[in-house]
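Protein chains in written order, with the working numbering: chain Y, 420 to 492; chain H, 67 to 452. Glycine included, C-beta positions come from ideal geometry on N, C-alpha and C. Given the structure is predicted, the values throughout are model-derived calculations rather than measurements.
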């Protein structure tokens, strides 16, 4: 149910955006384009460390990545 | 009683509708393919009696204006003996090799990704494919993404050729990235994972009180439910400071139908005012509750229908601190290389288990001290953009 609600919310958000003007113009995004603002600056490193956590913790998901295997004995 | 209309909507139909909306109704400015790059990484983990090390190589290359392909090769060479192995089995050495490939297709503001992952150990084979679609809207201030992963694993047990089990994995993901101000970007992510099949570790055992045993307890194989469904939601943000530096924060809440809930918090700072250098510091806090059927010591053999003593399913807290530095090797093109960097990242991870007892200490059963570990994780890698 929660996944369905999230889907519908996203759809409504997309539709709602058409009546609102963007308040940060493309020419104002120089700082956002800086690599230090990236959520995924070094994907191979981030993917590795996420695996380190995933196999040692009960929690999982909402982090990106799609690896398989265990390596957890 | 009839279900409300919303209740009859299926998740795949909703996802399909959203994807169709994204593809058919182009909005905002064109998205871009990921950068062409090559990363060569060596990783080293030492903690809890285990050493894991090996290489990881990732290469991504654009093909024409619309396609980008990526390949990754990763090896974990595992040696040593964890606390579980020390108390119930013998030291071991094994290797896990992971190969993955993906292709991205860009059409206007829509990026479609398809990928496959293969992971092989001597006693575990994992195969999965994933599909992800992201759509920029609202003049590229908002990016929505949806993804699905399907995995199919085969589990074996060393020394027992007759042991074979299977595990099916399904994962559904939703994401929303939002430019909030010219200095702030935020993300919201949601993921549901559903596993069906053999979820145990085939080597691990639980302990139970046994007055006839020399230490007052004996072991039997653990037994998990054959289905697990979990939900996780995460919020994260990055803020650019007035000088060339940024701060970031993240919170994730996790809950599953085994009774585990967990909170993950992360804060960090990235400093880039020194020419050619980028410095990172980060702190991560993690805490979780135990699975409903978990126990460190059962009162007797077969005490419950499900039995678990994995410390990963127990109640515990973990702290992690990271220090990272990146040095830009060259900032003008050399041959086919546009720029390159060398990077060193160190993470120190501690975990304190509230109920999982350290059986290396001989005490009255149940009175042993709680187990704790600390780990050093080192990554050294080169990155080249071309």
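Closer than 9 Å to chain B by CB, residue i
{"i": "residue 228/H", "result": "Judged by its chain identifiers, the structure shown contains no chain B, and its protein chains are Y and H."}
Presumed contact (8 Å Cβ cut-off) between residue i and residue j, rounded CB distance
{"i": "residue 120/H", "j": "residue 102/H", "result": "No, residue 120/H and residue 102/H are not in contact; Cβ-Cβ is about 25 Å, not under 8 Å."}
{"i": "residue 219/H", "j": "residue 233/H", "result": "4 Å"}
{"i": "residue 362/H", "j": "residue 421/H", "result": "5 Å"}
{"i": "residue 465/Y", "j": "residue 318/H", "result": "Not quite, the Cβ-Cβ distance comes to about 15 Å (not below 8 Å), so this is no contact."}
{"i": "residue 245/H", "j": "residue 443/Y", "result": "5 Å"}
{"i": "residue 467/Y", "j": "residue 122/H", "result": "6 Å"}
{"i": "residue 152/H", "j": "residue 426/H", "result": "7 Å"}
{"i": "residue 189/H", "j": "residue 222/H", "result": "4 Å"}
{"i": "residue 248/H", "j": "residue 448/Y", "result": "7 Å"}
{"i": "residue 217/H", "j": "residue 192/H", "result": "6 Å"}
Cβ neighbours of residue i in the same chain (closer than 6 Å, five flanking residues each side left out)
{"i": "residue 337/H", "result": "311 and 345"}
{"i": "residue 259/H", "result": "237 and 296"}
{"i": "residue 136/H", "result": "126 and 168"}
{"i": "residue 90/H", "result": "Here the model assigns residue 90/H a pLDDT of 40, short of 50, so the residue's position is not dependable, and the following value carries that caveat. Hits under 6 Å: none found."}
{"i": "residue 330/H", "result": "318 and 352"}
{"i": "residue 128/H", "result": "99, 102 and 134"}
{"i": "residue 325/H", "result": "357 and 358"}
{"i": "residue 401/H", "result": "none"}
{"i": "residue 93/H", "result": "Low confidence applies here, because residue 93/H scores a pLDDT of 41, under 50, leaving its location unreliable; read the following figure in that light. Excluding positions up to five away in sequence, the list reads 203."}
{"i": "residue 327/H", "result": "321 and 355"}
{"i": "residue 183/H", "result": "166 and 194"}
{"i": "residue 443/H", "result": "111 and 413"}
{"i": "residue 252/H", "result": "244, 246 and 303"}
{"i": "residue 87/H", "result": "Note that residue 87/H scores a pLDDT of 43, beneath 50, so its modelled location is shaky; the value from the coordinates is reported in the next line. Contacts found: none."}
{"i": "residue 185/H", "result": "164 and 192"}
{"i": "residue 235/H", "result": "217 and 261"}
{"i": "residue 489/Y", "result": "Note that residue 489/Y scores a pLDDT of 39, beneath 50, so its modelled location is shaky; the value from the coordinates is reported in the next line. Nothing meets the Cβ criterion."}
Residue j beta carbon less than 9 Å from that of residue i
{"i": "residue 418/H", "j": "residue 386/H", "result": "no"}
{"i": "residue 112/H", "j": "residue 441/H", "result": "yes"}
{"i": "residue 395/H", "j": "residue 408/H", "result": "yes"}
{"i": "residue 203/H", "j": "residue 210/H", "result": "yes"}
{"i": "residue 261/H", "j": "residue 239/H", "result": "no"}
{"i": "residue 124/H", "j": "residue 462/Y", "result": "yes"}
{"i": "residue 446/H", "j": "residue 108/H", "result": "yes"}
{"i": "residue 334/H", "j": "residue 313/H", "result": "yes"}
{"i": "residue 298/H", "j": "residue 200/H", "result": "no"}
{"i": "residue 291/H", "j": "residue 250/H", "result": "no"}
{"i": "residue 452/H", "j": "residue 172/H", "result": "no"}
{"i": "residue 390/H", "j": "residue 410/H", "result": "yes"}
{"i": "residue 453/H", "j": "residue 428/H", "result": "Past the edges of chain H, shown from 67 to 452, lies residue 453/H, and the structure says nothing about it."}
{"i": "residue 477/Y", "j": "residue 316/H", "result": "no"}
{"i": "residue 106/H", "j": "residue 366/H", "result": "no"}
{"i": "residue 309/H", "j": "residue 339/H", "result": "yes"}
{"i": "residue 289/H", "j": "residue 371/H", "result": "yes"}
{"i": "residue 231/H", "j": "residue 181/H", "result": "no"}
{"i": "residue 49/H", "j": "residue 159/H", "result": "This structure cannot settle anything about residue 49/H, because the visible part of chain H is limited to 67 through 452."}
Cutoff 7 Å; reference residue i; Cβ partners in own chain excluding five residues on either side
{"i": "residue 130/H", "result": "none"}
{"i": "residue 323/H", "result": "294 and 295"}
{"i": "residue 393/H", "result": "342, 343, 407 and 408"}
{"i": "residue 146/H", "result": "115, 116, 117 and 157"}
{"i": "residue 460/Y", "result": "454"}
{"i": "residue 369/H", "result": "274"}
{"i": "residue 229/H", "result": "222, 223 and 268"}
Chain-order list of residues whose beta-carbon lies under 8 Å from that of residue i (same chain, five-residue window excluded)
{"i": "residue 148/H", "result": "114, 115 and 116"}
{"i": "residue 397/H", "result": "342 and 405"}
{"i": "residue 95/H", "result": "In this prediction, residue 95/H has a pLDDT of 48, which is less than 50 and means its spatial position is unreliable; what the coordinates show is noted afterwards. For residue 95/H, where only same-chain residues beyond five positions count, the Cβ hits under 8 Å are 175, 202, 205 and 206."}
{"i": "residue 479/Y", "result": "473"}
{"i": "residue 70/H", "result": "Residue placement at residue 70/H cannot be trusted, given a pLDDT of 39 that sits under 50; what the coordinates show is reported in the next sentence. Result list for residue 70/H: empty, nothing under 8 Å."}
{"i": "residue 403/H", "result": "396, 450, 451 and 452"}
Exercise. Of all the residues that make up the stretch 195-215 of chain H, which are near chain Y by a beta-carbon distance shorter than 9 Å?
Worked result: 195, 196, 198, 201, 203, 204, 205, 206, 207, 208, 210, 212, 213 and 215
For this session: Name, going along the chain, the residues of the stretch 316-336 of chain H whose beta-carbon falls closer than 7 Å to a beta-carbon of chain Y.
Result: So the close ones are 318, 320, 326, 328, 330 and 336.
Exercise. Are at least three pairs of beta-carbons, each pair with one atom in the stretch 301-319 of chain H and one in the stretch 269-285 of chain H, less than 8 Å apart?
Worked result: Flag = no, the stretch 301-319 of chain H and the stretch 269-285 of chain H do not touch.
Exercise. In chain order, what residues of the stretch 448-467 of chain Y put their CB closer than 7 Å to some CB of chain H?
Worked result: 448, 450, 451, 453, 455, 456, 458, 461, 462, 463, 464 and 467
Exercise. Is there contact here, the stretch 161-171 of chain H with the stretch 131-140 of chain H, by at least three beta-carbon pairs under 8 Å?
Worked result: yes
Exercise. Can we say the stretch 348-358 of chain H touches the stretch 260-269 of chain H, given the rule of at least three CB pairs closer than 8 Å?
Worked result: With the cut-off at 8 Å, the stretch 348-358 of chain H and the stretch 260-269 of chain H do not touch.
For this session: Note down, in chain order, all residues in the stretch 410-432 of chain H with a beta-carbon under 8 Å from any beta-carbon belonging to chain Y.
Result: 411, 413, 415 and 417
Problem set entry | Residues of the stretch 238-253 of chain H whose Cβ lies closer than 7 Å to any Cβ of chain Y, in chain order | 238, 240, 242, 245, 247, 248, 249, 251 and 253
For this session: Quick one: which residues of the stretch 368-389 of chain H get their C-beta closer than 7 Å to a C-beta of chain Y? List them in chain order.
Result: 378 and 379
Exercise. The stretch 348-362 of chain H: which residues have C-beta closer than 9 Å to a C-beta of chain Y, in chain order?
Worked result: Within the stretch 348-362 of chain H, 350, 352, 354, 355, 356 and 357 place their CB atoms closer than 9 Å to a CB of chain Y, listed in sequence order.
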